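Order-wise, the sequence lines are chains A and B.
Going by the numbering used here, the residue at position 69 of the first sequence is 69; the numbering climbs one at a time, nothing skipped.
Take any residue in the second sequence, count from 1 to its spot, add 89: that is its number in the numbering used here.
The beta carbon of each residue, even a glycine, is placed where N, CA and C say it ideally should be.
Nothing here was measured: the structure is a model prediction, and the numbers come from that model.
Quick notes on the structure that follows.
There are 2 protein chains.
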Amino acid sequence: MAETIYLKAMTVRDHTDIDMIKKDIKMGMILIVRVGPMAQRDLQGLRKLVDELYAAARTEGADIARLGEERILVTPAIVQIWKPQYDLK
Amino acid sequence: MAETIYLKAMTVRDHTDIDMIKKDIKMGMILIVRVGPMAQRDLQGLRKLVDELYAAARTEGADIARLGEERILVTPAIVQIWKPQYDLK
Chain A
1 MAETIYLKAM TVRDHTDIDM IKKDIKMGMI LIVRVGPMAQ RDLQGLRKLV
51 DELYAAARTE GADIARLGEE RILVTPAIVQ IWKPQYDLK
Chain B
90 MAETIYLKAM TVRDHTDIDM IKKDIKMGMI LIVRVGPMAQ RDLQGLRKLV
140 DELYAAARTE GADIARLGEE RILVTPAIVQ IWKPQYDLK
């Protein structure tokens, strides 16, 4: 059996949260990132954060998908997201 | 490295979905179960389904937590849910 994998759910507040997220991705955590509240406050900043999130996921070989309107899912290489359709409902 | 772990997001429609969910838990999948739509249609049936879901998770040594208002998260023993507070936001 491999070592424990951690799953962390969090809400992003502003662009500075990207550093913690990148660290968590690098550590191989499963992340459920809630972006809804920031979308209402700072859509421009959120777009930048999401671009960096996708880039970081790609660099680490992580899988990534939207989860409904509010959340983004990031998983380390060992965890594969089951995608019956592109966006998860 | 251990074998791949699958993460599956799904929406429950009615009580018959519990069989598929139990099978997925037994297979060691990570599940994100969206219960919101059923809550509006059949709250009684949903309560029964959620009770069975918690019982099945306990039997398999899975971890379980709410994810916002709409979703329930179930993870196999190898995946631990990071819980800064009881309910994840």
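- prompt: Does the segment 144-155 of chain B touch the segment 111-128 of chain B, meaning 3 or more C-beta pairs lie closer than 8 Å?
  reply: yes
- prompt: Got a sec: is the Cβ-Cβ distance from A55 of chain A to anything in chain B below 8 Å?
  reply: no
- prompt: Name the chain B residues whose beta carbon is nearer than 8 Å to that of I30 of chain A?
  reply: L96, I119 and V168
- prompt: Which residues in the same chain as I5 of chain A place their Cβ atom closer than 8 Å to its Cβ, once the five residues preceding and following it in sequence are excluded?
  reply: Hits under 8 Å: G28, M29, I30, P76, I78 and V79.
task: Taking C-beta pairs closer than 7 Å, name the residues in chain B that L67 of chain A reaches, listed in chain order.
output: Contacts between L67 of chain A and chain B, judged by CB atoms closer than 7 Å, involve A98 and I121 in chain order.
query: Interface residues of chain B around T4 of chain A at Cβ under 7 Å?
result: I167 and Q169
query: What's the gap between the Cα of D176 of chain B and the Cα of A154 of chain B?
result: Its pLDDT being 49, under 50, D176 of chain B is placed unreliably by the model, and nothing is read from it.
message: Is it the case that the segment 36-46 of chain A contacts the segment 131-148 of chain B, given that we only count it when at least three CB pairs across the two stretches are under 8 Å?
response: no
query: Which residue or residues does DSSP assign as beta-bridge partners of I121 of chain B?
result: B:A98 and B:L162
message: Give me the DSSP bridge partner(s) of D152 of chain B.
response: B:T164
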